[in-house]
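Working notes, structure below.
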Amino acid sequence: MKIFISHSSKDEDIYTNLADSLRKQGHTVFNAIDINIGENWIEKIKNALYESDIFIAIITENFLSSSWAQAELSSVVLGTNNIRLLPVVVGDVFVPSFIAQFQYRKVKTEEEIISAVLTDIAKLSNIEDNPSLFQKKGIAQVEENNLEEK
Numbered sequence: 034m035k036i037f038i039s040h041s042s043k044d045e046d047i048y049t050n051l052a053d054s055l056r057k058q059g060h061t062v063f064n065a066i067d068i069n070i071g072e073n074w075i076e077k078i079k080n081a082l083y084e085s086d087i088f089i090a091i092i093t094e095n096f097l098s099s100s101w102a103q104a105e106l107s108s109v110v111l112g113t114n115n116i117r118l119l120p121v122v123v124g125d126v127f128v129p130s131f132i133a134q135f136q137y138r139k140v141k142t143e144e145e146i147i148s149a150v151l152t153d154i155a156k157l158s159n160i161e162d163n164p165s166l167f168q169k170k171g172i173a174q175v176e177e178n179n180l181e182e183k
């Protein structure tokens with residue numbers, strides 16, 4: 034999956050460790066450091082957002098004071114593409130209403146961030162690979178019950 038991690042530059046260590054873990058799982062993670070000299074970085078970030086399957090927002094005090102990180106989140110919330118939003122609130126951070134309207138993951142440590150995100154992405158991958166998994170289980174149960182009645 035293609036993943037965009039929105040974070041404050043002050044939380045680069047959190048981003049790096051999470052991105053490394055996701056890459057080890059076979060995911061592609063956008064990194065603004067790969068934007069070349071002379072390229073339009075706003076366009077590159079917009080394109081990366083549009084092409085991503087999952088948008089992870091690492092919500093920290095630093096994130097909340099970063100106008101750029103909040104702009105990235107707003108573009109996903111207001112956008113029309115089908116990107117999945119995974120907000121991760123780190124520590125005892127006040128969660129503003131524009132984030133609180135979404136189900137979010139609350140964690141205390143960096144290790145919890147990695148574990149929680151990997152778990153959530155695995156669940157999303159399973160849903161995307163088997164969109165009617167729940168329905169199939171329900172149909173299988175009905176078919177099984179019908180066979181038992183015959």
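For the sequence shown, the numbering used here gives the first residue as 34, with consecutive numbering after it.
Backbone N, C-alpha and C fix where the C-beta goes; we use that ideal spot for every residue, glycine too.
All values derive from a computational prediction rather than experimental measurement.
Would you report the Cα separation of residue i and residue j, rounded to the nearest angstrom?
i: I70; j: N64; result: 14 Å
i: S108; j: A81; result: 12 Å
i: T152; j: N114; result: 23 Å
i: V62; j: F131; result: 25 Å
i: E45; j: R117; result: 22 Å
i: A133; j: E94; result: 15 Å
i: A149; j: L119; result: 10 Å
i: G124; j: K141; result: 5 Å
State yes or no: is the C-beta of residue i within less than 7 Å of the C-beta of residue j?
i: V121; j: I146; result: yes
i: E84; j: K43; result: no
i: H60; j: Y48; result: no
i: A90; j: L111; result: no
i: F88; j: F37; result: yes
i: W74; j: I68; result: yes
Grab the span of the beta strand (DSSP E) containing residue i for me, first residue to last.
i: V140; result: R138 to V140
i: S219; result: Here the chain has residues from 34 to 183 only, and residue 219 is not among them.
i: I38; result: K35 to S39
i: I185; result: For the chain, the structure presents residues 34 to 183; residue 185 sits outside this window and is missing.
i: V122; result: R117 to V123
Just to confirm my understanding: we take residue i, look at its own chain, exclude 5 residues before and 5 after, and list those with CB closer than 8 Å. What are they?
i: V128; result: I92, V122 and Y137
Less than 6 Å between C-beta atoms, sequence neighbours within five positions excluded: which residues of the same chain meet that for residue i?
i: S54; result: I147
i: I78; result: none
i: D86; result: M34 and K35
i: K139; result: V122
For residue i, which residues of its own chain have a beta-carbon under 7 Å away from its beta-carbon, when the five flanking residues on both sides are left out?
i: A102; result: S39, H40, S41 and F96
i: K156; result: none
i: L51; result: I38, I146, I147 and V150
i: S18; result: Residue coverage of the chain in this structure runs from 34 to 183, which leaves residue 18 outside it and unanswerable.
Could you give the first and the last residue of the continuous alpha helix (DSSP H) run that contains residue i?
i: A52; result: E45 to K57
i: A81; result: W74 to E84
i: F131; result: S130 to A133
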